[in-house]
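**Student:** Counting in the UniProt record's numbering, the sequence shown runs from 1 upward without gaps. Here a beta-carbon is modelled for each residue, glycine too, at the ideal position from N, C-alpha and C.
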Amino acid sequence: MSEEKRVLLEMRDICKSFIGVNALKGVDLVVREGEVHALEGENGAGKSVLIKILTGIYQKDAGTIRFDGKEVNFTSPAQAQEAGIRPIYQELTICPMLSVAENMFMGNEIKKRGLIDWRATYKRAEEILQSVNLNIDVRQPMGQLSAAMQQMVAIAMAVSLDAKLIIMDEATSSLDDKEVQSLLNIVKELQKKNIAIIFITHRMNEIYEVCERCTVLKDGEFIGCYDLDKLPKLELISKMVGRDASTIVNFKKQYNSDIESNEVICEFKNVAQGLRLKNIEFELKKGEVLGFAGLLGSGRTETGEVLFGIRKYTGSITVKGKEVHYANAGQAMKDNIVLCPEERKRDAIFPDMSIEDNITIPIMNKISRLGFIDRKKQAELVDKYIQMLKIKTPNKEQLIKFLSGGNQQKCIIARAMCCDPEIIILDEPTRGIDVGAKYEIEMLIQDIAKSGISVIMISSILEELERDCDRVVIMREGIVVGELLHEDITEENIIHTISEAHTN
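1) Does the Cβ of M1 have 16 or more other Cβ atoms within 10 Å, making it buried, or fewer, making it exposed?
2) Tell me whether G46 is buried or exposed, calling it buried when 16 or more other Cβ atoms sit within 10 Å of its Cβ.
3) Going straight from the alpha carbon of Q409 to that of R119, what length do you get?
4) What separation, rounded to the nearest whole angstrom, lies between the Cα atoms of E267 and T393?
5) Going along the chain, which unbroken runs of the alpha helix (DSSP H) with 4 or more residues stay wholly within the segment 377–446?
6) Under three-state DSSP, which class holds D347?
7) For T64, does the count of other Cβ atoms within 10 angstroms reach 16, so buried, or fall short, so exposed?
8) How many angstroms separate the CA atom of S160 from the CA atom of K320?
9) Identify whether V216 lies in helix, strand or coil by the three-state DSSP scheme.
10) How should T75 be labelled, buried or exposed, when 16 other C-beta atoms within 10 angstroms of its C-beta is the threshold for buried?
11) By the DSSP assignment, the beta strand (DSSP E) with D335 in it spans what residues?
12) Which word fits T430, buried or exposed, when buried means at least 16 other C-beta atoms lie within 10 angstroms of its C-beta?
13) If you pair each beta-carbon of the segment 292–303 with each one of the segment 227–246, do three or more pairs fall below 8 Å?
14) Within 10 Å of its beta-carbon, does A327 have 16 or more other beta-carbons around it, so buried, or fewer, so exposed?
15) I need the DSSP call for V7, collapsed to helix, strand or coil.
16) Under three-state DSSP, which class holds Q273?
17) If we cut at 7 Å on Cβ distances, does L92 have a partner in chain E?
18) Going by DSSP, what residue range makes up the alpha helix (DSSP H) through K123?
19) In the structure shown, what three-state DSSP assignment does S2 receive?
20) Kindly indicate which residue of V455, L228, G291, E126 has the alpha-carbon position closest to the one of T490.
21) If I310 sits next to L284, beta carbons under 8 Å apart, how far is it from one beta carbon to the other, in whole angstroms?
22) Where does N270 land, buried or exposed, given buried means 16+ other C-beta within 10 angstroms?
23) Do R6 and E33 have their CB atoms nearer than 7 Å?
24) Sort M149, A78, K112 by Cα distance to V180 and report the nearest one.
25) Could you please give the first and the last residue of the uninterrupted beta strand (DSSP E) stretch that includes Y89?
26) Does M106 pass the burial test, meaning 16 or more other C-beta atoms within 10 Å, or should it be called exposed?
27) Can we say the segment 436–450 touches the segment 459–476, given the rule of at least three CB pairs closer than 8 Å?
28) Using C-beta distances below 6 Å, list every residue in its chain close to V306, excluding the 5 sequence neighbours before and after it, in chain order.
29) Mind checking which residues open and close the beta strand (DSSP E) that includes L138?
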């Protein structure tokens, strides 16, 4: 039982401030040997700050840290790693062109007579990976591995370096369901080796599958540490968001029974794109939320990118009754089509620009006169969307990189709304966002559709598609394999359709 395990990590009364902002206010975190311990809270709750203090990136202002029986105060990540603490982040630092083995031993090469001993390097790399039941070619480029496999290689390397505590920070957020399960199986194997894991995720199902206990933070404060076998999921969410979560969990779209008779605003016929899309056909109705489901590589994202003009294709696309063939995103935007891309940080935000400039950047020409931005008009527009979308920020001049993931996503949606869209493509709109912000964004999607805007919602989170969509198009390996309507949209039916297509 977990009560009999020795305490490995004990953080008590941890405090940290940044320029007058209290990021942590007396936070506790206690992790036992061989325990998978969830660290949860909304974005901005203080999870990242606490982990950065533990790993030596930040220094605490007050409190004590004991690790493996000793009081510690790591002043660098190297010190924390030497003690046996290994963080694994969602975005790994890798050299994609180098081999798996080269990535594993970078800076710590196995040498013989001053030269790298490649035979020994490959052999040792294979042994390390096999220790966590991974059988892959260590000579292949790291960039050829899936994100899940890259995460597993990082975990195996941490184990080989005698890690006592592994921190998994949103490690599953960019993986599909099958890859997530593979990673969770690795977590269970690590538990058998008596390695402790701090597990940070916004996905409730993962927490309850692998974690024993959960520490909850909110607004930099310690809410409590709970045994998960005694805490229902709804209560955990309520503790995280600080309010009754039943409205969040039980939310379900009210279907518009007239949607089927609505005007067709967009239609794909026999659309193909290289080897990625094959004879895609579907209709999008005015004011409809049309979901796209499928595993990674199914062609969901590519379908949205074709419509937005950033992928060449063959076949026919009709928008508002006329056939179109967009050569670029600018042409699509002239027809009031906008895209909120999957990779928010890479493709959507300008991190060193203000919130107001991020929101209004596509319409600068509309709010400028004689080459000068009308700051009053810009401010009025941005204030309108900050209020409408409930964007949490001290002011609109704040750099967007300092906002939580949920508030960054709201800014991206605000930018799309500034363009007066008739079709808005949302690719993974809630990825990496906490439970409370997810609910707000899902409600926002409903409001957008009610206003008559058509929404294409691409998501790997099936329960969201079930809650939010009027119809769901299901894809596999670049082909449409099914379509579900209204009450037939369930996680079970989506999974069954994908599986049946694989069997056939």
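**Tutor:** With the given structure in hand:
1) For the purposes of this step, residue 1 is taken as residue 1 along the sequence shown, with counting starting at 1. Confidence is the limiting factor: at M1 the pLDDT is only 43, short of 50, which leaves the residue's position unreliable, though a coordinate-based value still follows. Label assigned to M1: exposed.
2) Within the sequence shown, numbered from 1, the residue matching residue 46 stands at position 46. So G46 ends up on the buried side.
3) Here residue 409 refers to the residue found at position 409 when the sequence shown is read from its first residue. Here residue 119 refers to the residue found at position 119 when the sequence shown is read from its first residue. Rounded to the nearest angstrom, the two C-alpha atoms are 47 Å apart.
4) In the sequence shown, residue 267 corresponds to position 267, counting from 1. In the sequence shown, residue 393 corresponds to position 393, counting from 1. Straight-line Cα distance between these residues: approximately 39 Å.
5) 405–418
6) Indexing the sequence shown from 1 puts residue 347 at position 347. Of the three classes helix, strand and coil, the one that applies to D347 here is helix, per DSSP.
7) The residue you call residue 64 lines up with position 64 of the sequence shown. Classification of T64: exposed, given that the 10 Å Cβ count is below 16.
8) Taking the first residue of the sequence shown as position 1, residue 160 is located at position 160. Taking the first residue of the sequence shown as position 1, residue 320 is located at position 320. One C-alpha to the other measures close to 58 Å.
9) Within the sequence shown, numbered from 1, the residue matching residue 216 stands at position 216. Per DSSP, reduced to three states, the secondary structure at V216 is strand.
10) To locate residue 75, count along the sequence shown from 1; it is residue 75. Answer is exposed; the Cβ neighbour count stays below 16.
11) For the purposes of this step, residue 335 is taken as the residue at position 335 of the sequence shown. It is not in any beta strand (DSSP E) - D335 carries neither H nor E in the DSSP assignment.
12) Numbered from 1 along the sequence shown, position 430 holds the residue referred to as residue 430. Classification for T430: buried.
13) no
14) As a first step, residue 327 is located in the sequence shown; it is residue number 327 there, counting from the start. A327 comes out exposed.
15) Translated into the one-based positions of the sequence shown, residue 7 becomes position 7. In this structure, V7 counts as strand in the three-state DSSP scheme.
16) For the purposes of this step, residue 273 is taken as residue 273 along the sequence shown, with counting starting at 1. Three-state DSSP puts Q273 in a strand.
17) Absent here is chain E; the protein component of the structure consists of one chain.
18) Translated into positions along the sequence shown, residue 123 becomes position 123. Where K123 is concerned, the enclosing alpha helix (DSSP H) stretches over 118–130.
19) Within the sequence shown, residue 2 is the residue found at index 2, counting from 1. The predicted position of S2 is uncertain, since its pLDDT is 45 and thus under 50; no value can be drawn from it.
20) For the purposes of this step, residue 490 is identified with residue 490 of the sequence shown, where counting begins at 1. Of the candidates V455, L228, G291, E126, the one whose C-alpha sits nearest the C-alpha of T490 is G291.
21) Numbered from its first residue, the sequence shown carries residue 310 at position 310. Numbered from its first residue, the sequence shown carries residue 284 at position 284. Not a contact, Cβ separation roughly 18 Å.
22) By 1-based counting over the sequence shown, the position of residue 270 is 270. Its Cβ having fewer than 16 others within 10 Å, N270 is exposed.
23) Translated into positions along the sequence shown, residue 6 becomes position 6. Translated into positions along the sequence shown, residue 33 becomes position 33. Taking 7 Å as the Cβ cut-off, R6 and E33 qualify as a contacting pair.
24) Taking the first residue of the sequence shown as position 1, residue 180 is located at position 180. With distances taken between Cα atoms, V180 lies closest to M149.
25) Start at 1 with the first residue of the sequence shown, and residue 89 comes out as number 89. It spans 85–89 - the beta strand (DSSP E) in which Y89 sits, taken as one unbroken run.
26) Here residue 106 corresponds to residue number 106 of the sequence shown, with the count starting at 1. Looking at its Cβ environment, which holds fewer than 16 other Cβ atoms inside 10 Å, M106 is exposed.
27) In short, these stretches touch, since the Cβ pair count reaches three.
28) Counting from 1 along the sequence shown, the entry for residue 306 is found at position 306. Within the same chain, V306 has close Cβ partners Q273, Y313.
29) As a working note, residue 138 is residue 138 in the sequence shown. The residue asked about is misnamed: residue 138 is Val in this sequence, not Leu. Run containing V138: none; DSSP gives neither H nor E here.
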